[in-house]
Each structure stands twice: as C-alpha cells, then as structure tokens.
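Engineer:
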Amino acid sequence: MTTTALPESRFAVARQVADAVLFEGYVLYPYRASAAKNRLRWQFGVLVPPAWGAAHDEHSFQRTELVMEPRGAATLAVELRFLHAQRRTVEEARADGSFAAVPELHLPDRVLVPWDEGTEERVEMTVPVAELEEGEVTLPFVRPAREETEPVLDAAGREVGRLVRHTERADGVLRLRAEQLDVPYRAFKLTAVVENTSDWAPDADGADRDAALPRSLVAAHLLLALSAGSFLSMTDPPEWAKASVATCANRHTWPVLAGEPGSTDVVLSSPIILEDHPGIAPESIGAMYDATEIDEILALRTAALTDQEKREARGTDPRAAAVIDLADTMPPEVLERLHGAVRALREITGPGAPTPESFPERFDEDAVFRPDTPWWDPAHADPAGPARDRILIDGTSVGPGSRILLRPGLRRTDAQDLFLRGRTAQVEAVLHDVDGGVHLAVTVEGDPGADIRREQGRFLYFQPDEVAPLEDA
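Per the working numbering, numbering through the sequence shown is continuous, rising by one, with the last residue being 1287.
1. So for ALA1113, helix, strand or coil by DSSP?
2. Going by DSSP, which residues form a beta bridge with PRO1069?
3. Going by DSSP in three states, SER1211 sits in which element: helix, strand or coil?
4. Starting from the Cα of SER1098, find the closest Cα among ALA1113, THR1210, GLU938 and GLU918 and give me that residue.
5. Shortest alpha-carbon distance to VAL937 belongs to which of ALA826, ALA847, VAL1008 and LEU880?
6. Identify the continuous alpha helix (DSSP H) that holds TRP1054 and give its terminal residues.
7. Return helix, strand or coil for PHE896, following the three-state DSSP convention.
8. In the DSSP assignment, the beta strand (DSSP E) including LEU990 goes from what residue to what residue?
9. For LEU919, which of helix, strand or coil comes out of DSSP?
10. Suppose contacts are defined by Cβ-Cβ distances below 8 Å. Is VAL956 in contact with ALA888 by that definition?
11. Do HIS898 and GLY932 come within 8 Å of each other at the CB atom, strictly closer than that value?
12. Answer yes or no: do LEU890 and LEU988 have a C-beta to C-beta separation smaller than 8 Å?
13. What are the partner residues of MET939, as DSSP defines its beta bridges?
14. Is it the case that the Cβ atoms of ALA1072 and VAL1059 are separated by a distance below 8 Å?
15. Would you mind giving the Cβ-Cβ distance between THR796 and PRO1051, rounded to the nearest angstrom? I have them listed as a contact below 8 Å.
16. Given this structure, state the Cα-to-Cα distance separating GLU1269 from PRO1262, to the nearest angstrom.
17. From this set, ALA1229, GLN1230 and ALA1243, which residue's C-alpha is nearest ILE1218's C-alpha?
18. Grab the span of the alpha helix (DSSP H) containing VAL1137 for me, first residue to last.
19. Which residue's Cα is closest to the Cα of PRO1075: SER1047, ASN1064 and GLU883?
20. Alpha helix (DSSP H) containing LEU861: first to last residue?
21. Does the Cβ of VAL1281 have 16 or more other Cβ atoms within 10 Å, making it buried, or fewer, making it exposed?
22. I'd like the list of long-range same chain contacts for ARG767, defined as Cβ closer than 7 Å, with 5 residues on each side in sequence excluded.
23. Classify LEU1152 as helix, strand or coil using the three-state DSSP reduction.
24. Which same chain residues end up closer than 8 Å to PRO844 when comparing Cβ atoms and leaving out the 5 residues on each side of it in sequence?
25. Is the beta carbon of ARG902 less than 8 Å from the beta carbon of PRO928?
26. Taking Cβ to Cβ, would you say LEU1254 is nearer than 8 Å to ARG1237?
27. From what residue to what residue does the beta strand (DSSP E) around ALA872 run?
28. What does the Cβ neighbour count give for TYR840, buried or exposed, with the cut at 16 atoms within 10 Å?
29. Could you pull the DSSP bridge partners for ASN1010 from this structure?
30. Considering Cα atoms alone, identify which of VAL1032, PHE1002, VAL925 and ALA909 is closest to ARG846.
31. Sort out for me which residues DSSP pairs LYS1003 with in a bridge.
32. Within 10 angstroms of its Cβ, does ASP996 collect 16 or more other Cβ (buried), or is it exposed?
33. Under 8 Å: do the stretch 1023–1038 and the stretch 850–861 share three or more Cβ pairs, one atom per stretch?
34. Beta-carbon separation of ASP1079 and THR1049 under 8 Å?
Written out as structure tokens, the structure is:
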C-alpha cells in the first residue's frame, strides 16, 4: 500500500464535480454570516464523532459498495476528501496592546465577523487489488488540533485587530476490501468504509452540534480509480451483474461513474445522489456554492446587493468575497451565456444527424394539420366526431353552465385548490388537450371576481374525477 496522490489528468472532470460536492451549501446567498440560512451549516456528508452520533441520531460512517472488473495486476487508487471546520473569532486591538473578542470589526472594504471556515483535507492511498483480495486494508488518519492568528491591518499598515483560528483534532479511518463474485467473469464487490473514530464525547452538561462539527468529517466523499479495468454502473449494470449489484449496500453515500462520458475507470462516491458521468455546466462562471440554484439568478441578485451587504459578505469568508467580486466584474457577454442552453437536441442536430430527405414518410399529407388549424389549438376537432363540449360524470351530462361540487384530492399539490374543497362552481368550458385529457374550466360561485374572470378568460381548472355534478341551474 502506498499513499501517492491520484493522477490529476484522469481526475480532471471528476474533480470538478467532487469540488461542487465538497463545497455544496458552504455559504449561501446572500453570502453573509448573519443570513438565517447561513447559521445552520454543514448539511451534507457530515460524519460526526461516534458518541455524538449515537446520542443525536447522526451517522459517524459511510459505506460504499460497488462491482469492479480489474484487469491483470491492477491497482486501486482512493482519495478521501472532506472539510475540516475551523472556528474563526475576531479580536480588536486595544490601546494597551491587548486584544479583545468583538462581534464585528469594521474595515473600509469589509466587515469581519466570527465564522466557521472549512479547510480541504485529503487522505490518499494506492493499493494492489490482489492485496485487497487477501483481506481488509486499513488506513487510519489524524488531523491534529491547531491554533493560528492572522493580523488585520488598516490602510496605513497599522494592526487594528486579528483573526484567531482554532481547529480541533479529527480522527478517522479508511477501510477497503474486495470480495470475488461467483459470476462468469473476474469481478469483485469492492467495499470502502470511511469512519470517524474520534473518542470525543460531550461533557455531562451536554453540547450542541456546533461543538461536534469541528471534530467531524464534513462533506466526506471518495474518488476511486482503477489502473486497469472498469467499474460497473450501479443504475445500469450488464445483465450478468444485476444480481451482484443488487446486493451492494451503500450507506450515507452513492457511487456513480465519473470522468469523461463513456469512461468506466473512475468513480465518485458522493453524499449527494448523482447520475453517472455528472458534469459541471460549461456555461458556469465559477463556484457560487449553491449548486442546486441557477447561476444567472445568483449572479444578478448578488450584483444587486447593497454596498453594505457586500462589505459583510466579503468579511464573512474569502470564498464569499470571491463570489461578490465575480458578480461585480462579470462582462455582459458572460452573463448572457448563462441565460440558458438546450442540450437534448445535440444528438439530432449534430454532425451525422438525419436530414429531412432521409426521414421516411410517416403521415398522409392530407391528414397533416394546416397552419389555419395548428395542432395545439384546443378548438380544433374532427367535424365528423361527436360534440365534445359536454362529458359524462357519474352518469350526468356536464357542460357549460352546469353546477358542480369541487372535491380536489390529495394528488393536487396546489394548496389554493385544496382550499376550495366543498365549494360549488359553474362550468364555463370543457377543454380537451392533445394527450386526450379533459379539463373543466370553472368559476367559483360567490366569487366577486367571477365576471372579470369570464371577461378575461382566466378560469380555475379541475379534472372530471375532482368534481361531482349538481342539479343544473
């Protein structure tokens, strides 16, 4: 077993996604420590000390299991990545040369406040697959406690305060083993366990989560690579491996094929569920720490922050300061490319896509809709067909002018519709969509704005199984 680093060239694409996992939710818009959503930190992949986890129903380990097909004398490279939280306090310089802790330290360009920073940690190892066959390989690791100070200087170079960073000790272990499978090919079930082994426990008076976090492995995830061979997809394995894949038990993490599309030699095991070969959008301008948000919205809203809000964000964290600077200096042409991209059409519009001349004749030309009756026009109907302005509900004909009782069910996700349960309404129109669905346009009886809704054609819509017919007026 060696502890060499993984080759960067093989991990370039995977590491982009891994970085997004590592810093997902690190600091959220509006990027200030005072914002309510930035007060509850570290939500993904947090492996807490065992004593704390047992008492507060949080997990102290994660287990990855997947199937691999190594070739020859293959080696397995593993990289555990996580954030180690360090507590930053702010102290102001006094006239007598001493320092005192303060909630804020105002500088011309930023406002420094206490904050928990995250330092990136890596645990790396490379082990021959043959060694994993012989038994479990274990790599314990320790990140010691430490304290650092950083002077804060004003424009004239005078020391006006300092930042004190305190980091607690974090202990963990990485365990690996490989079990040969009873299948027609040389394949193994690989198990990789990451565990927090800290012996820290809260004192008799108890301790809140903030006390456990500096001793935790935050946003923990694994990168794995085979020097020769391949990993199998957990969601789309070959037929011969489906039974073996089904026996894999992943806990608090999920492995996906990573790297370039089509490659199978790299895996990212993430506490955030991803699909195989995830990637960062090429239009993305950089890390904004809200990976589930839209870069365009974040950039616009960040640029719209007040100068005071930007000073607070810059003093919260260097990464937050970088986001502010990014939004402030973004050229219009870069912002414009964030407006949207259509990727689903590339397969049929790229090189080699079929031309119109190569399409087979599928329709009778006389049956194709004409521009004066487009296919999306709900009023378009076969004139030879039956009248469609009335439908049968519970054996009663319902159409424009019919009175109905509204009874939306639990499948309705709109609370505004559920509030109308038990109210009576009048049917204004019966509409049929292109998929064959039927919708009733209604106005609620007693609604003072019903006449305006009729004039504007703005109705409420329900499906036939969500109403009961009443006697027509």
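Ideal Cβ placement from N, Cα and C applies to all residues, glycine included.
Structural biologist: So, from the data block:
1. helix
2. SER1083
3. strand
4. ALA1113
5. VAL1008
6. Element bounds for TRP1054: n/a, residue is neither H nor E.
7. strand
8. 984–994
9. strand
10. no
11. yes
12. no
13. VAL892
14. no
15. The requested residue 796 is not part of the displayed model; the chain covers only 815 to 1287.
16. 13 Å
17. ALA1243
18. 1132–1142
19. SER1047
20. From DSSP, LEU861 is part of no alpha helix (DSSP H); its letter is neither H nor E.
21. buried
22. The shown model of the chain, from 815 to 1287, leaves out residue 767, and the question about it has no answer.
23. helix
24. ARG1115, THR1116, LEU1119, GLU1123 and ALA1127
25. yes
26. no
27. According to the sequence shown, residue 872 is Glu rather than Ala. Where GLU872 is concerned, there is no enclosing beta strand (DSSP E), given that its DSSP letter is neither H nor E.
28. buried
29. GLY986
30. VAL925
31. VAL881 and GLU993
32. exposed
33. yes
34. no
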